[in-house]
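Please read the structure below before turning to the comments.
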Amino acid sequence: MPIMILSIVQTNPSFGDIRSNVDDALALMRSVKADLFVLPELFNTGYNFVTMDEVIKLSEDDSGYTMQAMLDFAKTNNCYCVFGYAEQA
Numbered sequence: 097m098p099i100m101i102l103s104i105v106q107t108n109p110s111f112g113d114i115r116s117n118v119d120d121a122l123a124l125m126r127s128v129k130a131d132l133f134v135l136p137e138l139f140n141t142g143y144n145f146v147t148m149d150e151v152i153k154l155s156e157d158d159s160g161y162t163m164q165a166m167l168d169f170a171k172t173n174n175c176y177c178v179f180g181y182a183e184q185a
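So for the sequence shown, the numbering used here puts the first residue at 97; every next one is plus one.
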């Protein structure tokens, strides 16, 4: 039976700084070899929303930076990434 290597990624996001938060997570992920990376919910925005307007402002669709960066990482490293983010509807 093949062995799956799982990496639990803990981040410390700066609220609202999507690009920096995603890049920081990717730097951690690049430092290990794993088949599956699991990140915290809202790792890309932080979890300190006060209003729905903040959620809407920071939400992304699937062509946004977060999804594209994670897809590129997964393809390049032949792995899977599990994460939650505020998705534009």
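In this text, a Cβ means the ideal position worked out from N, Cα and C, and glycines have one as well.
Just reading off the beta strand (DSSP E) that residue 135 is part of, what are its end residues?
Residue 135 -> beta strand (DSSP E) spans 132-137.
Just list the residues that DSSP pairs residue 102 with in beta bridges.
The secondary-structure analysis by DSSP pairs residue 102 across a beta bridge with 132.
Would you kindly work out how many angstroms separate the C-alpha atoms of residue 133 and residue 168, rounded to a whole number?
Using only the alpha carbons, I get a separation of about 14 Å.
Within a Cβ cutoff of 6 Å, which residues of the same chain sit near residue 104, ignoring the five residues on either side of it in sequence?
Sequence-distant Cβ neighbours of residue 104 in its own chain, meaning closer than 6 Å and more than five residues away, are 134.
Measure the C-alpha to C-alpha separation of residue 100 and residue 163 and round it to an integer number of angstroms.
Taking the straight line from one Cα to the other gives about 23 Å.
Label residue 111 either buried or exposed according to how many other C-beta atoms from any shown protein chain fall within 10 Å of its C-beta, with 16 as the threshold for buried.
Residue 111 comes out exposed.
Name the DSSP beta bridge partners of residue 177, please?
When DSSP reads this structure, residue 177 sits in a beta bridge with 133.
Go through its chain and collect everything with a Cβ distance to residue 118's Cβ below 7 Å, but skip five positions before and after it.
Cβ neighbours of residue 118 beyond the five flanking positions: 140, 161, 162 and 165.
With the cut-off set at 9 Å, would you say residue 106 and residue 152 are in Cβ contact?
With respect to residue 152, residue 106 sits apart: the two C-beta atoms are not nearer than 9 Å.
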